[in-house]
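Residue numbers for the sequence shown follow our numbering, beginning at 11 and rising by one.
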Amino acid sequence: MNPFFLTGIIPDSCFCDREKETETIIRHLVNQSNVLLTSSRRMGKTQLIRHVFNNMDIREKYYTFYTDIYATSSLRELVFFLGKEIYQKLVPGEKKAVKLFLGTLRSLATAFAVDPVTGEPRISLQIGDITAPEMTLEEIFTYLEKADKPCLFAIDEFQQISRYPEAHVEALLRTHIQKMNNCHFIFSGSDRHILEQMFSSYAKPFYNSAQPVHLGRIDRDKYIDFVIGKFREADIAISPVTAGYCYDAFDGYTYYNHKVFHDIFAYVKKGDVIDNDMVDQTIGNILEENSHTYSEVMSGLPIAQKQMLIAVAKESPARRPTSGAFVRRNALISPGSAQKALAKLIDGQLVTYMVINRDKEYLVADKFFERWLKETY
Numbered sequence: 011m012n013p014f015f016l017t018g019i020i021p022d023s024c025f026c027d028r029e030k031e032t033e034t035i036i037r038h039l040v041n042q043s044n045v046l047l048t049s050s051r052r053m054g055k056t057q058l059i060r061h062v063f064n065n066m067d068i069r070e071k072y073y074t075f076y077t078d079i080y081a082t083s084s085l086r087e088l089v090f091f092l093g094k095e096i097y098q099k100l101v102p103g104e105k106k107a108v109k110l111f112l113g114t115l116r117s118l119a120t121a122f123a124v125d126p127v128t129g130e131p132r133i134s135l136q137i138g139d140i141t142a143p144e145m146t147l148e149e150i151f152t153y154l155e156k157a158d159k160p161c162l163f164a165i166d167e168f169q170q171i172s173r174y175p176e177a178h179v180e181a182l183l184r185t186h187i188q189k190m191n192n193c194h195f196i197f198s199g200s201d202r203h204i205l206e207q208m209f210s211s212y213a214k215p216f217y218n219s220a221q222p223v224h225l226g227r228i229d230r231d232k233y234i235d236f237v238i239g240k241f242r243e244a245d246i247a248i249s250p251v252t253a254g255y256c257y258d259a260f261d262g263y264t265y266y267n268h269k270v271f272h273d274i275f276a277y278v279k280k281g282d283v284i285d286n287d288m289v290d291q292t293i294g295n296i297l298e299e300n301s302h303t304y305s306e307v308m309s310g311l312p313i314a315q316k317q318m319l320i321a322v323a324k325e326s327p328a329r330r331p332t333s334g335a336f337v338r339r340n341a342l343i344s345p346g347s348a349q350k351a352l353a354k355l356i357d358g359q360l361v362t363y364m365v366i367n368r369d370k371e372y373l374v375a376d377k378f379f380e381r382w383l384k385e386t387y
């Protein structure tokens, strides 16, 4: 079995570190608090949520639900994904819970039903079935409050609700959630600046309503020990230097390191020794596989955004990218043009930033894409 999991629930034996974060999140949830989980993209927050929900105490005592709303663009779609996730999780379980759910969501009686012949639950829910999203949302929260076990609901990429055309979604959700005793939430996402504004601004509905947990990089030494140990179990050797070489290549971003080692594991055999050249070759293969996609992205960008994206990649982390010095150094059009281009790239989630000592450091959101840009331009 490949120990470098990229999808699905990761067995405890293949889950690297995150002990402190796991303990903190479980403590907050058991203490009936909501959690705000933030991280850069591809740092492993989705897998951490699944790891928490797979904890034996959590699994036995709670109904757990997870939905990613990154692709949603309206309240109607949000309601669709929330309702679908609850139903799909309940169907394999107790019929009592399914019956309560079907009896509570009266606005979707025709979409969620029980087959009159077999007695089995069936679903035919379409987004168009949600004609009164606010009513259905209220019914969903009513069910969660009535459920025969306490519920935990993780909503990933929660910042997406700030982009909905309905201006009152934050207030609407907060109104329901603050009344709940039987369900608590993990709000997670990678747009840290938007999420922190939502939860730390006094003027926002979700102000001070969740315990913040930030997911940073896995400790370098712990990750190196994990990699060496997993390859050793398969009688394959890798030195601390080579494991660290890969860690540093992607600045400790979990997904990218795991992807490289996942691919290496697929073609090495017992007795092999993994070296830096093998890491470079694997990275090169990944970039080549994605080259067409990256080229398509670049071809769709206006020239000012394209130049700014290349400049951010080359200087990663880029500091003061709208300053005159940065503009001159990277042959950009002008500081004003650079500012507009940077804003568009951040809005399109091609570029992200971190706040270090009150200064912003900008990076390409996809580390493989960043490396491809450096090598291509």
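Where is the CB? At the ideal position from N, CA and C, for every residue including glycine. These numbers come from a predicted model, not from an experiment.
- Ranked by Cα distance from V179, the first of S198, V89 and K99 is V89.
- Taking the Cα positions, A335 is about 14 Å away from V322.
- The segment 168-179 makes no contact with the segment 103-116, as fewer than three CB pairs between them are under 8 Å.
- When DSSP reads this structure, V283 sits in a beta bridge with A247.
- For the 9 Å CB-CB criterion, A247 and S198 do not form a contact.
- Between the segment 249-269 and the segment 370-377, the count of C-beta pairs closer than 8 Å reaches three or more; the two stretches touch.
- No Cβ-Cβ contact shorter than 9 Å links F111 with E95.
- Excluding the 5 residues flanking it on each side, I296 has same chain C-beta neighbours closer than 8 Å at K269, V270, D273 and F378, in chain order.
- Between E29 and L85, the CB-CB gap reaches or exceeds 9 Å.
- Between A107 and D158 a beta carbon distance of about 6 Å is seen, short of the 8 Å cut, so the two are scored as contacting.
- In this structure, the CA atom of E31 is about 17 Å from the CA atom of F236.
- Beta-carbon to beta-carbon, E167 and I59 are separated by about 12 Å, too far to satisfy the 8 Å threshold.
- Closest in C-alpha terms to T48, from the list A220, E155, A181 and D231, comes A220.
- By the neighbour-count definition (other C-beta atoms within 10 Å, threshold 16), L205 is a buried residue.
- Rounded to the nearest whole angstrom, the CA to CA distance from G310 to K316 is 9 Å.
- Taking each of C26, I238 and F15 in turn and checking the Cα distance to D229, the smallest one comes out for C26.
- Ranking A314, G254 and A244 by CA distance to the CA of D282 puts A244 first.
- In summary, P250 is exposed, with fewer than 16 beta-carbon neighbours lying within 10 Å of its beta-carbon over all protein chains present.
- Taken through DSSP and simplified to helix, strand or coil, T48 comes out as strand.
- The residues P215, F216 and S219, in chain order, have a CB closer than 8 Å to that of R184 in the same chain once the five nearest residues on each side in sequence are set aside.
- By the Cβ neighbour-count rule, N44 is buried, with 16 or more other Cβ atoms within 10 Å of its own.
- Excluding sequence positions up to five before and after K279, its CB lies within less than 8 Å of the CB of I246, all in the same chain and listed in chain order.
- Remark: C-beta atoms of L355 and Y304 do not approach each other more closely than 9 Å.
- S333 has its alpha-carbon roughly 47 Å from the corresponding atom of N41.
- Here P160 has Y72 and N192 as same chain residues with Cβ atoms under 6 Å from its own Cβ, once five neighbours each way along the sequence are excluded.
- When beta bridges are read from the DSSP output, G199 appears opposite T48.
- In the DSSP assignment, Y265 falls within the unbroken alpha helix (DSSP H) covering T264 to Y277.
- Of the other Cβ atoms in all chains shown, 16 or more fall within 10 Å of the Cβ of A314; this residue is therefore buried.
- D357 sits in a helix when the DSSP states are folded into three classes.
- Residue range I313 to E325 is occupied by the alpha helix (DSSP H) that includes Q315, with no beta strand (DSSP E) assigned at that position.
- Around the Cβ of D201, a 10 Å sphere holds 16 or more other Cβ atoms; the residue is buried.
- A straight line joining the alpha-carbon of D231 with that of G239 spans about 12 Å.
- Residue burial annotation: R381 is buried, with at least 16 other C-beta atoms found within 10 angstroms of its C-beta.
- Straight through space, the alpha carbons of N286 and L92 are spaced by roughly 45 Å.
- Within the DSSP bridge table, the entry for Y304 names no partner.
- In this structure, P222 is the residue among P222, P312 and I284 with its C-alpha nearest to the C-alpha of T34.
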